[in-house]
Amino acid sequence: MRKKISVIQVPFGLGAGREGTERGPESMLEAGLYRQLRNLGFAIEHESKVELPAAQASDTGSGAGGGALESVKHLAAVKAMSRIVADKVSEAVAARSFPLVLGGDRSVSIGAFAGLTRHYSRLGVICFDAHAAVNTEETTPLGHVNGMAMSAALGRSAFTLADIPGSGLPIVKPNVVLIGLRDLEPAEREWIRSERIAFFSMHEIDRMGIERVVEQALRIAGEGTDGIHVCLDADVLDPLEAPGVGLQVPGGLSYREAHFALELLAESGRITSMDVTEVNALLDDNRRTARLAVGLVTSVLGKRII
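Going by the working numbering, the first residue of the sequence shown is number 1, and it counts up by one from there.
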């Protein structure tokens, strides 16, 4: 039986502060994603594209509801997008198809989490990201939801998965692992330490090596869970490898470190879903970042040199 995969395009960029991430899905498709998936033996079970109603897609205001939510930009649009993404991810899981969500900015992950929690009673999460995305409405410096994605998933912020109809329980902290951190707000740093969130910054990766980091990440995310979701934010990569991201942070994962990490995840056989975010097509160089993102997707899905 051919392996089934559902590709969910989410051309949404209102959760970020710069234009371009909304073109990420298209850029990854143009970089040959479908051809690569078919070469790996996947049957593309379903292909969908999230489209917001015109009124919500043109939302340019701050959040509604008073209090801290007023500081959040485009919150109504993010909620609308998350509801649609959650439904599509849920449909994929119900059909026993691997959900592959193509963003868009990091807020797209919120919808993916919401859809997955409808089916997984305890979901493990491994996030590759230069940023922790654990800001809240009170700590966000700019009000962009892409910096709050993990807070929403963990129930730490005012806007949580509970705001998306049908969502299950929040993601639990002991099964979340953050890999590649190197640019955090002071409040994020303090919270990660106080709550003992598992993290491997670039310092730990340099010291331990990526193989040991991934082994520990799988152990943590897999402890007592019934599935593991992978979040791949393109800015986890070094800008020399992946220039097409909204916020470049020097000193990220190299080409081989990233591929090896995702190859190790594939070998575990425990990865049940994935989202790829923050590929900014307007800032890319001849689709270098999009092509690398496609290659990393195929690595986590089992592609090998031989």
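In this text, a Cβ means the ideal position worked out from N, Cα and C, and glycines have one as well. Just so you know, these numbers come straight off a predicted model, no measurement behind them.
Report yes if the CB atom of residue i is closer than 7 Å to the CB atom of residue j, and no otherwise.
i: residue 249; j: residue 183; result: yes
i: residue 15; j: residue 163; result: no
i: residue 253; j: residue 147; result: no
i: residue 123; j: residue 227; result: yes
i: residue 190; j: residue 158; result: no
i: residue 242; j: residue 178; result: no
i: residue 24; j: residue 282; result: no
i: residue 238; j: residue 278; result: no
i: residue 101; j: residue 171; result: no
i: residue 17; j: residue 144; result: yes
i: residue 99; j: residue 273; result: yes
i: residue 276; j: residue 126; result: no
i: residue 6; j: residue 45; result: yes
i: residue 22; j: residue 12; result: yes
i: residue 251; j: residue 280; result: no
i: residue 257; j: residue 210; result: yes
i: residue 199; j: residue 192; result: yes
Can you find a heavy atom of the ligand ADP that lies under 6 Å from the Cβ of residue i?
i: residue 10; result: As far as ligands go, the structure on display features none, and thus does not contain the ligand ADP.
Around the Cβ of residue i, are there at least 16 other Cβ atoms within 10 angstroms (buried) or fewer (exposed)?
i: residue 103; result: buried
i: residue 151; result: buried
i: residue 1; result: For residue 1, the predicted structure reports a pLDDT of 46, less than 50, and the residue's modelled location is therefore unreliable. A value from the coordinates is still provided. The residue is exposed, with fewer than 16 neighbouring Cβ atoms inside 10 Å.
i: residue 223; result: exposed
i: residue 110; result: buried
i: residue 72; result: buried
i: residue 41; result: exposed
i: residue 121; result: exposed
i: residue 39; result: exposed
i: residue 194; result: exposed
i: residue 203; result: exposed
i: residue 35; result: exposed
i: residue 153; result: buried
i: residue 305; result: exposed
i: residue 83; result: buried
i: residue 49; result: exposed
i: residue 43; result: exposed
i: residue 206; result: exposed
Locate the alpha helix (DSSP H) running through residue i, then write down its first and last residues.
i: residue 220; result: 210 to 222
i: residue 298; result: 288 to 300
i: residue 84; result: 75 to 94
i: residue 25; result: 24 to 30
i: residue 268; result: 255 to 268
i: residue 52; result: First-last for residue 52: undefined, no H or E at that position.
i: residue 33; result: 33 to 39
Quick check on the DSSP output: the beta strand (DSSP E) that includes residue i runs from which residue to which?
i: residue 17; result: Taken as a continuous stretch (DSSP letters only), residue 17 belongs to no beta strand (DSSP E), as it is neither H nor E.
i: residue 9; result: 3 to 10
i: residue 273; result: 271 to 277
i: residue 99; result: 98 to 103
i: residue 233; result: 227 to 233
When the cut-off is 7 Å and only beta carbons count, does residue i lie next to chain C?
i: residue 250; result: No chain C appears in the structure shown, which is made up of a single protein chain.
Contained alpha helix (DSSP H) runs [length at least 4] in the stretch 117 to 200, N- to C-terminal order: Counting whole runs of 4 or more residues, the stretch 117 to 200 contains the alpha helix (DSSP H) stretches 149 to 154 and 186 to 195.
Segment contact, 8 Å Cβ cut-off, at least three pairs: the stretch 90 to 99 with the stretch 109 to 116: Yes, they touch.
Segment contact, 8 Å Cβ cut-off, at least three pairs: the stretch 292 to 299 with the stretch 245 to 263: Yes, the stretch 292 to 299 is in contact with the stretch 245 to 263.
Three or more C-beta pairs below 8 Å linking the stretch 182 to 200 and the stretch 123 to 141: Counting C-beta pairs closer than 8 Å gives three or more between the stretch 182 to 200 and the stretch 123 to 141, which meets the contact rule.
Inter-stretch contact at 8 Å, needing at least 3 Cβ pairs: the stretch 212 to 223 / the stretch 276 to 294: Not touching, per the Cβ criterion.
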